[in-house]
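See below for the structure under consideration.
In UniProt numbering, the protein residues as written are 1 to 134.
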């Protein structure tokens with residue numbers, strides 16, 4: 001089985017990662033995806049600005065460190081949005097990654113879960129969606 005976790009570093013996404021890590025067996029795949037904003041405006045909305053600047057490479061490294069600490073066997077990947085992409089685009093990317101990975105379940109925990117949930121449950125999804133709140 002393949003489990004995908006949408007991870008943005010928030011407490012809810014950390015809870016989703018922990019829940020997914022608890023659910024996987026040794027022969028399952030755990031794929032954690034972080035979708036990085038393409039501009040400072042959206043990066044600021046997600047709390048990714050450090051000292052007023054956005055460094056996507058540093059944000060990706062920080063997120064990967066958190067993922068490895070919580071689920072060492074997980075695969076981690078980032079997707080970079082283009083400039084001016086909105087929060088809905090993040091949801092679309094997560095859904096595309098889930099389809100590409102042939103996910104059996106997607107774990108979601110985020111302040112923006114509602115937006116993402118709409119894209120994940122669009123009628124064409126062939127996976128379970130598990131919404132986790134911390």
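A virtual CB, placed ideally from N, CA and C, is assigned to each residue, including glycine.
If you're wondering where the values come from, they're calculated on a predicted model, not measured in any experiment.
- Excluding its 5 nearest sequence neighbours in each direction, residue 62 has C-beta neighbours in its own chain below 8 Å: 9, listed in chain order.
- Linking residue 125 to residue 49 through their CA atoms gives a straight-line distance of about 33 Å.
- Inter-residue distance for residue 92 and residue 131 is about 17 Å (C-alpha atoms, whole angstroms).
- Put simply, of 127, 58 and 12 the residue whose alpha carbon is nearest the alpha carbon of residue 1 is 127.
- Taking 7 Å as the cut-off, the beta carbon of residue 34 is found no closer than this to the beta carbon of residue 65.
- Here residue 13 is buried: its Cβ has 16 or more other Cβ atoms, across all protein chains shown, within 10 Å.
- Rounded to whole angstroms, the separation of the alpha carbons of residue 31 and residue 6 is 9 Å.
- By the neighbour-count criterion, in which a residue is buried when 16 or more other Cβ atoms sit within 10 angstroms of its Cβ, residue 68 is exposed.
- Residue 53 is bridged by DSSP to 50.
- In the structure shown, residue 128 adopts extended strand secondary structure according to DSSP, grouped into three states.
- Nearest to residue 74 by C-alpha distance, out of 23, 39 and 56, is 23.
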